[in-house]
Amino acid sequence: IESLTVQELAKKLHREPSEIIKKLFMLGVMATINQTLDKDAIELIAGEYGVEVEEEILVDLTDLESLVTDDAPENTIERPSVVTIMGHVDHGKTTLLDSIRNTKVTEGEAGGITQHIGAYQVEVSGKKITFLDTPGHAAFTTMRARGAQVTDITILVVAADDGVMPQTVEAINHAKAAEVPIIVAVNKMDKESANPDRVMQELTEHGLVSEAWGGDTIFVPISAKQGEGIDTLLEMVLLVGEVEEYKANPERRAVGTVIESRLDKGRGTVATLLVQNGTLKIGDPIVVGNSFGRVRAMVNDLGRRVKEAGPSTPVEITGLNEVPDAGDRFIVFEDEKTARQVGETRAQRQLVSSRNEKSVVTLDNLFEQM
Ligand code: GTP
Ligand code: MG
161 IESLTVQELA KKLHREPSEI IKKLFMLGVM ATINQTLDKD AIELIAGEYG VEVEEEILVD
221 LTDLESLVTD DAPENTIERP SVVTIMGHVD HGKTTLLDSI RNTKVTEGEA GGITQHIGAY
281 QVEVSGKKIT FLDTPGHAAF TTMRARGAQV TDITILVVAA DDGVMPQTVE AINHAKAAEV
341 PIIVAVNKMD KESANPDRVM QELTEHGLVS EAWGGDTIFV PISAKQGEGI DTLLEMVLLV
401 GEVEEYKANP ERRAVGTVIE SRLDKGRGTV ATLLVQNGTL KIGDPIVVGN SFGRVRAMVN
461 DLGRRVKEAG PSTPVEITGL NEVPDAGDRF IVFEDEKTAR QVGETRAQRQ LVSSRNEKSV
521 VTLDNLFEQM
């Protein structure tokens, strides 16, 4: 227990709140019924009644995650790279995402209808690449704020007729902070006013020096609109993936991150999860952020029902008791009972901590005030 209000503590101790307030007063603390007490204060009062405060079970998902991602190298295999596209407004991010999806996703997938689930996979030279659909900036800011890192590689789109702009610089900074390799796509090469040399020059000032100029940043001239250079760009993504050697263990229980989520009238809570390690299966007991449940149904980016999803695969699931947030971590448990326990504790804790932000009363700071 991290904190409780005076009222909650009174209830747990089977006492009247007024009695607790009186006790606090005797200890030199002026408290109201709705005030939050920290752990020390709770222990102190509980101690007055000869009650010991129990420790709750470990519920930090990041802690748990390290337990399940700690794979021996011999158990891991290559996994697809996860790519985010970033760049300044109007430089062609959406056009590029669409162009990649249209040229690659439906290949050999006769009748496959692409479905928007916030991410999709393409196959290039027999290898898969996962693209996150969410605008790169949002993906970086909301997800990283939650401590989740989902991107392996960033494609930085810079319009050749416009050059480096404020959000280009912002994107570079995000990628650098996350230590994510950058591939530069010099877009709109079909335009007469295109000036790729200028883009190269300007990016040099931000530490991105093209290989042609003796640096180590890959630059690919493209026209997202006309589909030119897309194949080369994708080959470069594969190349970077090979160099970085992204690996995962498909044999273990899945962990990963929420890409998107919503409440669907017919299906209930729907969440797109990116499996980052392990394999997610139908029926898996799962904790997602502060929600939990069992994976009821899974649909892939082509709108097909699937029974399992391996590393770097985006998949839309139903079966959670509440809608999680983008950037929330998920983790599969051995049994439903534990998943439920962890999920419920996390939900409770979130309530407590949101209350906490409003007014925290600790014995220390109250003594100081007096
Ligand atoms: P925001 O989402 O608003 O930040 O923009 P965006 O980066 O997603 O750009 P978007 O793909 O919407 O493209 C902006 C405009 O540029 C559209 O009118 C596109 O048709 C055009 N455009 C994108 N790529 C190319 C290209 O390769 N050549 C030309 N000529 N126009 C392009
Ligand atoms: Mg866009």
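Residue numbers for the sequence shown follow UniProt numbering, beginning at 161 and rising by one. Virtual Cβ for every residue (Gly too), placed ideally from N, Cα, C. In this text the structure is predicted, and so the values were computed from the model without any measurement.
| Asked | Found |
| --- | --- |
| Note down, in chain order, each residue of its chain lying with its Cβ closer than 6 angstroms to the Cβ of Asn-194, except the 5 sequence neighbours on either side. | Thr-165 |
| Grab the span of the beta strand (DSSP E) containing Glu-402 for me, first residue to last. | Note, Glu-402: premise wrong, no beta strand (DSSP E); alpha helix (DSSP H) at 390-404. |
| In chain order, what residues of the same chain have a beta carbon less than 8 angstroms from the beta carbon of Leu-169, not counting five sequence neighbours either side? | Ile-180, Leu-197, Ile-202, Ile-205, Ala-206 |
| Roughly how many angstroms lie between the CA atoms of Ala-507 and Lys-336, to the nearest whole one? | 34 angstroms |
| Do the CB positions of Gln-281 and Asp-495 come within less than 8 angstroms of each other? | no |
| Is the beta carbon of Thr-290 less than 8 angstroms from the beta carbon of Met-246? | no |
| Would you report the Cα separation of Asp-321 and Lys-348, rounded to the nearest angstrom? | 7 angstroms |
| So which residues touch the region around the ligand GTP, with touch meaning a C-beta under 6 angstroms from any heavy atom? | Gly-247, Val-249, Asp-250, His-251, Gly-252, Lys-253, Thr-254, Thr-255, Asn-347, Lys-348, Asp-350, Lys-351, Ser-383, Ala-384, Lys-385 |
| Quick one: what's Arg-422 bridged to in DSSP? | Val-430 |
| In chain order, what residues of the same chain lie with their CB nearer than 7 angstroms to the CB of Val-448, ignoring the 5 residues before and after it? | Val-418, Ala-431, Leu-480, Pro-484, Asp-488, Phe-490 |
| To the nearest angstrom, how far is the alpha carbon of Ser-259 from that of Ile-343? | 17 angstroms |
| When we look at the beta-carbon of Arg-239 and count the other beta-carbons within 10 Å, is it buried (16 or more) or exposed? | buried |
| Can you look up Leu-169 in the DSSP assignment and give me helix, strand or coil? | helix |
| Could you compute how far the alpha carbon of Phe-452 sits from the alpha carbon of Val-466? | 20 angstroms |
| Kindly list the residues whose CB is nearer than 6 angstroms to the CB of Gly-401, restricted to its own chain and excluding five residues on each side of it in sequence; keep chain order. | Ser-241 |
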